[in-house]
Amino acid sequence: MPTANRWTVVACALICLGAGSIPQSQGDTLIVTRKQTKLRAQKRVFAPGVQDLVEGDKLEFLAKEGAWISARYQQTTGWLHGSDVTERKDVRLSGQGVRETYTAAETGAAKKGFNPQVERQYRLDNPALNAAFAQVDALEKVHVDENELRTFLQQGGLTVEGK
Amino acid sequence: MKRHLLWGALLVLPIAACAEVMNALESMTDENTAEGKIIRGANRLRKSFQDLDPSEEHFIGRSVAAQILAMPEYRLADDKAAATYLNRIGQALVATNDGVRRTFADYRFALLDTTEVNAFACPGGLILVSRGLLQKTASEDEVAAVLAHEIAHVTHKHGLAAIQNGNLMEAFKYLGAGAAQAALSAEDMQKLTGLFDDSVKDVVATLVTSGYSRDAEAEADGSGREFLTNAGYDPQALSRVLQKMDDVGGQGGMFATHPAPQDRIASLGSPLPFDGSPVAAETRLQRYRQNLKL
């Protein structure tokens, strides 16, 4: 490689080093990585939900306070937990229930992950696990309603909002 | 030449964060040049279990749970009241702790019908706890202590960290590779499924047989106690469960995969203060007795 191009590579690496440590800026795009979540009116778990979100939804970063992020989805702003989203554009999504429109290249990259297609093949290769997978499916349907949870916390003398 | 190689090597290690640029650099450089080799080497080094995305963690975790539930000794208990109760306690811990990492499809808790003292925190948040372990508890706070410890394992990705680097290095050749391509070939899909299988086996082997490192267990105990405290439970509940395990002793299950209970109690350090309401403690005790008939 010619010397000038070599320095270009090194310079890119240095830029990358710097870029890796820059905190998120207003207007940066975040991608939801949870199957489903909500934007909430305040940065607390039981705050009213203002927008339902699904995996793959793209948000605009506004601010960060502790573990919570303020973001905008289309015209709605609200708060969600930081671990609900990523700033990485190359994130691999499951593809289940994704409603955002992605380019063919983005979809192609997203497909190449440990995703439902891989699990389907894994289950075909391991038919003895079918009954166990049915149990896993049933366990994943168990849901604790927010009101039920809040009552459980209050009656037990426990903390009602997060720390 | 050697100086450039050394300089390149010194630079690339800290570049771990920047996935897009690293992939772009890889496509810009020839794999047979010094720069190309350094960039490719660094890109492979950059990939670790931390680079598995939340939905991938979820699918690995589902298969880990299925492998465990398929073992004859680990059947699910047919106890709806206990299952509901465990999920309420578990969700209480998640909701009251900003430090708990939210997972793709959230945390779920299930009771295993075995007297073996054991619990399995599958990647993604499916947590299986044995009747034998819950028999070592005497209160809701102590059940919460057990669940908090398992939630901490998931939060810190200890299960995913069990996947051997070799399997991950191979997997990342296919995961997200060649974004311009529309789909994997049948042969590549077979390879990826094989690597998925290997990854699941690594996690199961750690959960069921070898256990986590002492550092991982200490981290889970420390974070678990923090989660317990923030939720409003008695922080000493974890030490009490560990003391009971030590008093009774045993073999197999957690006794084989975890450090000795006394060592874990010592690692937790001094007791933390607790000024919970006695009335609320009594309410929690009553619902513990109503819902867990072990």
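Residue numbers (the working numbering), protein chains in the order written: chain A, 117 to 279; chain B, 830 to 1123.
Backbone N, C-alpha and C define an ideal beta-carbon position, used for all residues, glycine too.
- Counting only Cβ-Cβ distances below 8 Å, Arg-208 of chain A has contacts in chain B at Asp-882, Ser-884, Glu-885, Leu-1004 and Gly-1005, in chain order.
- Neighbours of Tyr-238 of chain A across chain B, judged by C-beta separation under 7 Å: Ser-892, Thr-1022, Phe-1025 and Asp-1026.
- Counting only runs of at least 3 residues, the segment 155-186 of chain A fully encloses the following beta strand (DSSP E) elements, listed from N- to C-terminal order: 165-170 and 174-181.
- Interface with chain A (8 Å Cβ-Cβ cutoff): Leu-1114 of chain B is excluded.
- Interface annotation for the segment 160-191 of chain A against chain B: Val-161, Phe-162, Glu-171, Gly-182, Ala-183 and Trp-184, criterion Cβ-Cβ distance under 9 Å.
- Here Asp-882 of chain B really is in contact with Thr-149 of chain A; their C-beta atoms are around 7 Å apart, less than 8 Å.
- Setting aside the 5 residues that flank it on each side, Val-946 of chain B is surrounded in the same chain by Ser-959, Gly-961, Leu-962, Lys-965, Met-1074, Gly-1079, Gly-1082, Met-1083 and Phe-1084, each with a C-beta closer than 7 Å to its C-beta; the list follows chain order.
- Secondary structure remark: continuous alpha helix (DSSP H) runs of at least 4 residues inside the segment 1028-1073 of chain B, in chain order: 1043-1060.
- Below the 7 Å Cβ cutoff, chain B contributes Ala-895, Leu-898 and Ala-899 as neighbours of Ala-248 of chain A, in chain order.
- DSSP, reduced to helix, strand and coil, places Gln-920 of chain B within a helical segment of the structure shown.
- With respect to the C-alpha of Asp-907 of chain B, the residue from A:Gly-272, A:Gln-251 and A:Gln-270 having the closest C-alpha is A:Gln-251.
- Residues of chain A with a Cβ closer than 8 Å to the Cβ of Asp-1063 of chain B do not exist; the shortest Cβ-Cβ separation is about 11 Å.
- Counting along the chain, the unbroken beta strand (DSSP E) around Phe-949 of chain B starts and ends at 948-950.
- Residues Asn-996, Glu-999, Ala-1000 and Tyr-1003 of the same chain have their beta carbon placed closer than 8 Å to that of Leu-1024 of chain B, with the five preceding and five following residues left out of the count.
- Against chain A, the CB of Ala-1109 of chain B has a partner CB under 8 Å away; the residue lies at that interface.
- When secondary structure is reduced to three states using DSSP, His-987 of chain B falls in the helix class.
- A straight-line Cα-Cα distance of about 21 Å links Leu-1021 of chain B and Phe-933 of chain B.
- In the displayed model, Tyr-936 of chain B falls within coil according to three-state DSSP, outside both helix and strand.
- Sixteen is the threshold: when 16 or more other Cβ atoms of the shown chains lie within 10 Å of the Cβ of Pro-952 of chain B, as they do, the residue is buried.
- Contact note: Asp-907 of chain B does not reach chain A at a C-beta cutoff of 8 Å; the least C-beta distance is about 11 Å.
- Interface criterion met: the Cβ of Gly-229 of chain A is under 8 Å from a Cβ in chain B.
- Measuring C-alpha to C-alpha distances from Thr-925 of chain B to each of A:Val-166, A:Arg-204, A:His-197 and A:Gly-172 identifies A:His-197 as the nearest.
- At the C-beta level, Val-1037 of chain B and Ile-897 of chain B come within 8 Å of one another.
- Close CB contacts of His-887 of chain B within its chain, under the 6 Å cut and outside five residues either way in sequence, are with Phe-933, Ala-934 and Gly-953 (chain order).
- Look at Thr-149 of chain A: its C-beta is under 8 Å from a C-beta on chain B.
- Asp-241 of chain A belongs to the set of residues whose beta carbon lies under 8 Å from a beta carbon in chain B.
- Beta-bridge partners of Tyr-189 of chain A (DSSP): A:Thr-192.
- Listed along the chain, the chain A residues whose CB falls inside 8 Å of the CB of Leu-955 of chain B are Val-252, Leu-255 and Glu-256.
- Burial of Gly-229 of chain A is indicated by the presence of at least 16 other C-beta atoms within 10 angstroms of its C-beta.
- Nearest CB-CB separation between Asp-200 of chain A and chain B: below the 8 Å threshold.
- Ranked by how close their Cα comes to the Cα of Ala-248 of chain A, the residues B:Asp-1076, B:Gln-1119, B:Ala-899 and B:Ala-1109 have B:Ala-899 in first place.
- Counting C-beta pairs with one atom in each stretch, the segment 1036-1055 of chain B and the segment 256-266 of chain A have fewer than three that are closer than 8 Å, which means they do not touch.
- Closer than 8 Å to the CB of Ser-877 of chain B there is not a single CB belonging to chain A.
- Around Glu-971 of chain B, the same chain offers Ala-1066, Arg-1069 and Val-1070 as residues with beta carbons nearer than 7 Å, after the five sequence neighbours per side are excluded.
- Under the DSSP assignment, Thr-1086 of chain B falls in the alpha helix (DSSP H) whose first and last residues are 1083-1086.
- In this model, Asn-231 of chain A and Asp-206 of chain A are separated by some 15 Å (Cα to Cα).
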